[in-house]
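Following: one structure in structure tokens, then a few remarks.
Residue numbers (UniProt numbering): 1 to 159.
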């Protein structure tokens, strides 16, 4: 049985599925599709913490599915821009857990992860499956992955 680690860039997935489809990502279906006939080493969802009750409810749903939820404070800057960037945290966890896994599933379209995918595939022989939205997932990340799965259809909740 393959050992799998699942890492989800929650903000990236939320905004890209909203932009492309006006719908939300189906985390239950995603869990089923990535864990069937596999042993889960670790599953982590990286999210922002605004202290919002609705967001906390969503985070509890992720925990009930099987994800560890890692939170970072949401920072609103004086200029009106905001930040909640998990790239370094995701990369560190991927490097550590990728060594123990046959497959690392990364749900994100962020091209910054292309070097990570290349490193995992090239140095550790870990397969990297990327789940992202077509047209909003960096071509460099798709090319660096072992397998790209476009988010569509069953991976989206009904409106």
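Backbone N, C-alpha and C define an ideal beta-carbon position, used for all residues, glycine too.
Using CA coordinates, which residue listed in 72, 44, 73 is at the minimum distance from residue 161? No statement about residue 161 is possible, as the shown extent of the chain runs from 1 to 159 and does not include it.
Are residue 5 and residue 133 close, meaning C-beta to C-beta below 7 Å? Going by C-beta atoms, residue 5 is not nearer than 7 Å to residue 133.
Cβ neighbour criterion (16 or more within 10 Å) applied to residue 139: Looking at its Cβ environment, which holds fewer than 16 other Cβ atoms inside 10 Å, residue 139 is exposed.
For residue 65, list the residues DSSP reports as bridge partners. None; residue 65 has no bridge partner.
Assign residue 28 to buried or exposed, taking buried as 16 or more other Cβ atoms, counted over all protein chains shown, within 10 Å of its Cβ. Taking all protein chains shown into account, residue 28 has fewer than 16 neighbouring C-beta atoms within 10 Å of its C-beta and is therefore exposed.
Straight-line CA distance for residue 8 to residue 26? If I take the Cα positions, the gap works out to 12 Å.
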